Amino acid sequence: MAKFIFVTGGVSSSLGKGIISASLGKLLQTQGFSVTIQKFDPYLNVDPGTLNPYEHGECYVTDDGAETDLDLGHYERFLDISTSQANNVTTGRIYQSVIQKERRGDFLGKTVQVVPHITDEIQRRAQLLAEDGYDIIITEIGGTVGDIESLPFIEAVRQMRMKLGSENCLVIHLTLIVYLAAAKELKTKPTQHSVKELLQAGVQPDILVCRTEHPLTKEVRRKLALFCNVDRSSVIEAIDADTIYDVPLYMLQEELNVSVISKLKLTPKFQEPNLDSWKAFLARLKNPIHKIRIGLVGKYVELQDAYKSILEAFIHAGAKNETEVEVVSIHSEQLENDNNVNKLLSGLNGILVAPGFGDRGIEGKIIAVRYARENKVPFLGICLGMQCAAIEYARNMLGYKDAHSTEMNPNTQHNIIDLMEGQKDVDKKGGTMRLGKYDCALTKGSFAYNAYGKSLIYERHRHRFEFNNQYREEFERQGMRISGVNPESNLVEIIEVAEHPWFVGVQFHPEYTSRAETAHPLFCAFVNAALENKNHQRG
Ligand code: GLN
0 MAKFIFVTGG
10 VSSSLGKGII
20 SASLGKLLQT
30 QGFSVTIQKF
40 DPYLNVDPGT
50 LNPYEHGECY
60 VTDDGAETDL
70 DLGHYERFLD
80 ISTSQANNVT
90 TGRIYQSVIQ
100 KERRGDFLGK
110 TVQVVPHITD
120 EIQRRAQLLA
130 EDGYDIIITE
140 IGGTVGDIES
150 LPFIEAVRQM
160 RMKLGSENCL
170 VIHLTLIVYL
180 AAAKELKTKP
190 TQHSVKELLQ
200 AGVQPDILVC
210 RTEHPLTKEV
220 RRKLALFCNV
230 DRSSVIEAID
240 ADTIYDVPLY
250 MLQEELNVSV
260 ISKLKLTPKF
270 QEPNLDSWKA
280 FLARLKNPIH
290 KIRIGLVGKY
300 VELQDAYKSI
310 LEAFIHAGAK
320 NETEVEVVSI
330 HSEQLENDNN
340 VNKLLSGLNG
350 ILVAPGFGDR
360 GIEGKIIAVR
370 YARENKVPFL
380 GICLGMQCAA
390 IEYARNMLGY
400 KDAHSTEMNP
410 NTQHNIIDLM
420 EGQKDVDKKG
430 GTMRLGKYDC
440 ALTKGSFAYN
450 AYGKSLIYER
460 HRHRFEFNNQ
470 YREEFERQGM
480 RISGVNPESN
490 LVEIIEVAEH
500 PWFVGVQFHP
510 EYTSRAETAH
520 PLFCAFVNAA
530 LENKNHQRG
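According to numbering that gives the first Met the number 0, the sequence shown is numbered sequentially starting from 0.
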């Protein structure tokens, strides 16, 4: 039978529940347990696919095409597992299924209520992944304890603990220990209040993970244990880390795994977590031999979370190549001013044009592509970035000055990028793009083939528009290499400029599948090309 661990948050949002969950998962995994992690989000959108990055950061996409919270990216990157739709559930999705059942008549004669119908549905979803045979299921509950919208989730946790017993169902509360700089003191009171809030809802946390800027003193630990009703060994310090990838080691030091294993009465296959390969990754990450600068061109670059997976993918690929990758944020709109182009783009060893929607900043992205192509700067275009590369090529190499995507200009005479056939009758926005994993056959000898080292790959997608195959031959005649195609639909997935050190545009999202211990081949190849660019400039 699966064991359940719930992770709640107290005092403040953004404490890193996702990283703590992923770090705990990592430790338990290396002790021989099969672990998965899911995220419950208390908002009413059915999924975050319709939210813009200002609201919700990056939208992460799974193999099965679920549009999810970006924490699932952390779960995958830490645990090297693939998650699915079942790993991310929102209040909207819960209500949607309860209301659908009500319409079907499943509750005929009964009043449908938050308790028990919504809370039952939450529990059903919490246990769904158990059917896949996991030993441990960690569930991160979004939001902060005390929010009105997280109440049904906390009530569901209370009921599950009652039914399954605390040996099978554990609650970890991640909280903030406030530091008062003027008094030079750590304060536990806000944490005491947030635990009280949980207690009011009938849930006693088993373990406190305490996010803090300064080490917890013995006295602070004693106080927290006494006033929050937990063992001394269950007060875990989570001190700010240089990198999120340090956190599993910090949690190991604090014996979070030991506490969890003993409370859940588990017998690990391995007494000690084996983190050898994780440590090797960290050692490479922290001791780079080289350094490169990559420009990330997008319209949300001021937001830390908008391109999360891309930034992480650079960390993985950098570590693999023992290279520090400095990612320089470049606002695409600023490139639309001619005076800025050289100023912002010169001195970069690589340029990445980011995914996106809509026409704000689109010309700036196209300018960045042109700069990379003409100046032989290694280039990676992802999704909209690849589409921009095709448009730029059509305008400047094929001579179609008005070439565009019909997403930005529905009236263009040269619709190099056009709505996919299957999208033409779609009128609803939620979950209707071409989503999830599709095969891609690679052309031998191409940059992509050399990066992956094989001829059939699969990658995750999220788009409605696509390279227009009517222009394919003309592009190829003018030196563009179509190096990746979906074998079933013949959709173009990768374009390359052959006469260039490294110029690749991909319709899919390689960043979603890069993992800490297995960096993504395309990002590795891009980092390598950028390194060569740097050495070349020097030489
Ligand atoms: N807006 C483009 C499309 O829908 C690109 C999407 C993306 O970059 N994820 O095709």
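Beta carbons are placed, not taken as given, at the ideal position from N, Cα and C, and that holds for glycine.
All of these numbers come straight from a predicted model, not from anything done at the bench.
Whole-angstrom distance between residue j and residue i, CA atom to CA atom
{"i": "Glu130", "j": "Val425", "result": "34 Å"}
{"i": "Val257", "j": "Leu490", "result": "50 Å"}
{"i": "Gly64", "j": "Lys436", "result": "7 Å"}
{"i": "Lys400", "j": "His460", "result": "29 Å"}
{"i": "Thr110", "j": "Ile98", "result": "12 Å"}
{"i": "Leu69", "j": "Glu75", "result": "10 Å"}
{"i": "Phe18", "j": "Gly478", "result": "Here the sequence assigns Ile to residue 18, which means Phe is not the residue at that position. So the two alpha carbons sit approximately 45 Å from each other."}
{"i": "Ser13", "j": "Ala528", "result": "35 Å"}
{"i": "Phe39", "j": "Phe464", "result": "31 Å"}
{"i": "Gly8", "j": "Gly145", "result": "10 Å"}
{"i": "Glu154", "j": "Val10", "result": "19 Å"}
{"i": "Asp230", "j": "Leu223", "result": "9 Å"}
{"i": "Asp239", "j": "Tyr249", "result": "10 Å"}
{"i": "Phe280", "j": "His413", "result": "47 Å"}
{"i": "Ala312", "j": "Thr67", "result": "18 Å"}
{"i": "Asp275", "j": "Lys188", "result": "39 Å"}
{"i": "Leu185", "j": "Phe226", "result": "15 Å"}
{"i": "Ile243", "j": "Phe446", "result": "31 Å"}
{"i": "Arg359", "j": "Ala402", "result": "17 Å"}
{"i": "Thr266", "j": "Ser193", "result": "32 Å"}
{"i": "Gly380", "j": "Ala353", "result": "6 Å"}
{"i": "Ile539", "j": "Val327", "result": "No answer is possible for residue 539: the residues shown for the chain start at 0 and end at 538."}
{"i": "Met0", "j": "Ala85", "result": "18 Å"}
{"i": "Asp79", "j": "Gln37", "result": "14 Å"}
Cβ neighbour criterion (16 or more within 10 Å) applied to residue i
{"i": "Gln28", "result": "buried"}
{"i": "Phe3", "result": "buried"}
{"i": "Gln270", "result": "exposed"}
{"i": "Leu107", "result": "exposed"}
{"i": "Val543", "result": "For the chain, the structure presents residues 0 to 538; residue 543 sits outside this window and is missing."}
{"i": "Asn485", "result": "buried"}
{"i": "Asn320", "result": "buried"}
{"i": "Ala305", "result": "buried"}
{"i": "Ser454", "result": "exposed"}
{"i": "Thr35", "result": "buried"}
{"i": "Ala603", "result": "Any question about residue 603 goes unanswered here, given that the chain covers just 0 to 538."}
{"i": "Ile431", "result": "Correcting the residue type first, residue 431 is Thr in the shown sequence and not Ile. Thr431 is exposed by the Cβ-count criterion."}
{"i": "Arg480", "result": "buried"}
{"i": "Leu334", "result": "buried"}
{"i": "Glu166", "result": "exposed"}
Rounded Cβ spacing between residue i and residue j (contact assumed at less than 8 Å)
{"i": "Leu263", "j": "Leu127", "result": "With 8 Å as the limit, Leu263 and Leu127 do not qualify as a contact, their Cβ atoms being about 20 Å apart."}
{"i": "Asn532", "j": "Pro500", "result": "7 Å"}
{"i": "Glu458", "j": "Thr512", "result": "7 Å"}
{"i": "Gly72", "j": "Lys307", "result": "6 Å"}
{"i": "Ala393", "j": "Tyr470", "result": "7 Å"}
{"i": "Leu150", "j": "Thr174", "result": "Rounded, the Cβ-Cβ distance is 18 Å, inconsistent with contact."}
{"i": "Thr322", "j": "Lys290", "result": "7 Å"}
{"i": "Ile361", "j": "Met407", "result": "5 Å"}
Three-state secondary structure assigned by DSSP to residue i
{"i": "Phe507", "result": "coil"}
{"i": "Val368", "result": "helix"}
{"i": "Ala524", "result": "helix"}
{"i": "Thr110", "result": "coil"}
{"i": "Arg359", "result": "coil"}
{"i": "Ile80", "result": "coil"}
{"i": "His330", "result": "strand"}
{"i": "Glu473", "result": "helix"}
{"i": "Met250", "result": "helix"}
{"i": "Asp146", "result": "coil"}
{"i": "Gly430", "result": "coil"}
{"i": "Ile176", "result": "coil"}
{"i": "Asn51", "result": "coil"}
{"i": "Phe39", "result": "strand"}
{"i": "Val259", "result": "helix"}
{"i": "Tyr457", "result": "strand"}
{"i": "Leu198", "result": "helix"}
{"i": "Asn167", "result": "coil"}
{"i": "Asn341", "result": "helix"}
{"i": "Cys439", "result": "strand"}
{"i": "Gly349", "result": "strand"}
{"i": "Arg480", "result": "strand"}
{"i": "Phe464", "result": "strand"}
{"i": "Phe3", "result": "strand"}
{"i": "Glu321", "result": "coil"}
{"i": "Asn395", "result": "helix"}
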